[in-house]
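To start, the structure itself, in structure tokens.
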Amino acid sequence: MNIFRLVGDLSHLLAILLLLWKIWKTRSCAGVSGKSQIMFGLVYITRYLDLFTNFISIYNTTMKAIFIAVAIATIYLIYFKFKATYDSNHDTFRMEFLIVPVGGLAFLVNHDFTALEILWTFSIYLESVAILPQLFMISKTGEAETITSHYLFALGSYRALYIVNWVYRYYFEGFFDLIAIVAGCVQTILYCDFFYLYVTKVMHGKKLSLPA
Amino acid sequence: LGFHDIKDEL
Chain A
1 MNIFRLVGDL SHLLAILLLL WKIWKTRSCA GVSGKSQIMF GLVYITRYLD
51 LFTNFISIYN TTMKAIFIAV AIATIYLIYF KFKATYDSNH DTFRMEFLIV
101 PVGGLAFLVN HDFTALEILW TFSIYLESVA ILPQLFMISK TGEAETITSH
151 YLFALGSYRA LYIVNWVYRY YFEGFFDLIA IVAGCVQTIL YCDFFYLYVT
201 KVMHGKKLSL PA
Chain G
1 LGFHDIKDEL
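This is how it looks when you write it as structure tokens:
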């Protein structure tokens with residue numbers, strides 16, 4: 001474990017708790033893409049199947065359990081409890097356009113052709129594009145609530161920090177996982193224009209609104 | 001250099 005990965009994980013935890021809190025407090029999931037949340041749920045479930053088989057550390061197990069639980073709770077709030085506030089007219093990104101190619105790629109490009117490894121690879125690839133429906137929804141509505149933009153900033157920062165973690169581990173531990181690195185770079189690149197808007201607008205107290 | 005096959009990252 002290194003500081004980059006720890007701060008990255010905490011940023012990730014902050015992001016998902018922030019979103020859950022926003023929906024619970026405002027009793028509304030307006031501006032939140034349920035499709036992205038479904039895909040994040042799929043990401044955690046397919047990646048953390050080893051939750052009960054191989055124990056890495058208390059931290060690792062606890063975080064995995066929290067991520068899965070918070071993802072499920074968020075999906076429940078969006079599609080059941082506060083379903084009336086779910087903005088399905090703007091959450092129109094076709095998930096199958098992401099899940100099918102990612103599933104195919106996981107079969108073709110992986111470290112080991114075993115079920116667990118292919119599911120892990122699927123999870124890594126899916127995570128890199130899972131935010132697209134959310135970014136697409138913001139581009140359609142033309143704006144995002146400030147709390148939602150903080151969620152996105154924390155979520156985008158987590159994988160950016162993981163890239164620093166991989167550089168660190170490459171030089172100090174001789175560790176590298178090309179699949180995770182490439183997918184992590186794609187994922188972080190997708191946030192770039194949002195990061196720009198966040199830094200230029202939200203940090204100056206303005207609402208995040210896309211140029212119409 | 002090689003990649004770890006244990007998945008110790010989240």
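Protein chains in written order, with our numbering: chain A, 1 to 212; chain G, 1 to 10.
Cβ coordinates follow ideal geometry from the N, Cα and C atoms, glycine included.
So which residues on chain G does residue 63 (chain A) lean against when the C-beta distance must stay under 8 Å? Here residue 63 (chain A) refers to the residue found at position 63 of the first sequence. What residue 63 (chain A) touches in chain G: 10.
Amino acids of chain G, ordered along the chain, whose beta-carbon sits closer than 7 Å to that of residue 120 (chain A): What you label residue 120 (chain A) is simply residue 120 of the first sequence in a count that begins at 1. Contact annotation for residue 120 (chain A) against chain G: 7 [CB-CB distance below 7 Å, chain order].
On the DSSP letters alone, give me the boundaries of the alpha helix (DSSP H) that residue 13 (chain A) sits inside. Taking the first sequence and counting its residues from 1, one reaches residue 13 (chain A) at position 13. Taken as a continuous stretch (DSSP letters only), the alpha helix (DSSP H) holding residue 13 (chain A) covers 3-26.
Could you check how far apart the C-beta atoms of residue 198 (chain A) and residue 184 (chain A) are, in whole angstroms? I think they sit under 8 Å. Along the first sequence, one-based indexing puts residue 198 (chain A) at 198. Along the first sequence, one-based indexing puts residue 184 (chain A) at 184. Rounded, the Cβ-Cβ distance is 19 Å, inconsistent with contact.
Does any residue of chain G bring its CB to less than 8 Å from the CB of residue 2 (chain A)? In the first sequence, the residue the question calls residue 2 (chain A) occupies position 2. Chain G, which has no Cβ nearer than 8 Å to the Cβ of residue 2 (chain A), makes this no.
Rounded separation between residue 1 (chain G) and residue 3 (chain A) - CA only: Locating residue 1 (chain G) in the second sequence gives position 1, where the first residue counts as 1. Locating residue 3 (chain A) in the first sequence gives position 3, where the first residue counts as 1. With a pLDDT of only 40 at residue 1 (chain G), under 50, the local geometry of the prediction cannot be trusted, and the value read off the model is given with reservation. So the alpha carbons of these two residues sit roughly 22 Å apart.
When the distance is taken between beta carbons, is residue 102 (chain A) closer than 8 Å to residue 122 (chain A)? Within the first sequence, residue 122 (chain A) is the residue found at index 122, counting from 1. Within the first sequence, residue 102 (chain A) is the residue found at index 102, counting from 1. In this structure, residue 102 (chain A) lies closer than 8 Å to residue 122 (chain A) by Cβ.
Counted within 10 angstroms of its Cβ, other Cβ atoms place residue 178 (chain A) as buried (16 or more) or exposed: Working through the first sequence from its first residue, we reach residue 178 (chain A) at position 178. Classification for residue 178 (chain A): exposed.
Since residue 60 (chain A) meets chain G, which of its residues come closer than 8 Å, beta carbon to beta carbon? Looking up residue 60 (chain A) in the first sequence gives position 60. Those within 8 Å of residue 60 (chain A) in chain G are 8, 10.
Give the C-beta separation of residue 37 (chain A) and residue 75 (chain A) to the nearest angstrom, bearing in mind that I take them to be a contact with Cβ-Cβ under 8 Å. Looking up residue 37 (chain A) in the first sequence gives position 37. Looking up residue 75 (chain A) in the first sequence gives position 75. Correct: roughly 5 Å between the Cβ atoms.
Please report the residue range of the alpha helix (DSSP H) in which residue 124 (chain A) lies. Position 124 of the first sequence holds residue 124 (chain A). For residue 124 (chain A), the enclosing alpha helix (DSSP H) starts and ends at 115-129.
What does the alpha-carbon distance come out to for the pair residue 108 (chain A) and residue 72 (chain A)? Numbered from 1 along the first sequence, position 108 holds the residue referred to as residue 108 (chain A). Numbered from 1 along the first sequence, position 72 holds the residue referred to as residue 72 (chain A). Roughly 29 Å separates the two Cα atoms.
Evaluate the contact criterion for the region 2-16 of chain A versus the region 153-171 of chain A: three or more CB pairs, one atom per stretch, below 8 Å. Judged by Cβ distances under 8 Å, the region 2-16 of chain A makes contact with the region 153-171 of chain A, as three or more pairs qualify.
Neighbourhood of residue 154 (chain A) by C-beta distance below 6 Å, restricted to the same chain and skipping five residues each side: As a position in the first sequence, residue 154 (chain A) is number 154, starting the count at 1. 11, 14, 15, listed in sequence order.
Within 10 angstroms of its Cβ, does residue 6 (chain A) collect 16 or more other Cβ (buried), or is it exposed? Within the first sequence, numbered from 1, the residue matching residue 6 (chain A) stands at position 6. So residue 6 (chain A) counts as exposed.
Would you identify the three-state DSSP class for residue 143 (chain A), choosing helix, strand or coil? As a working note, residue 143 (chain A) is residue 143 in the first sequence. Reduced to three states, the DSSP call for residue 143 (chain A) is strand.
Any idea if residue 96 (chain A) is buried or exposed, counting beta-carbon neighbours within 10 angstroms, 16 or more meaning buried? Counted from its first residue, the first sequence places residue 96 (chain A) at position 96. Exposed is the call here.
Please classify residue 171 (chain A) as buried or exposed, where buried requires at least 16 other C-beta atoms within 10 Å of its C-beta. Sequence index remark: in the first sequence, residue 171 (chain A) carries index 171 (1-based). Its Cβ having fewer than 16 others within 10 Å, residue 171 (chain A) is exposed.
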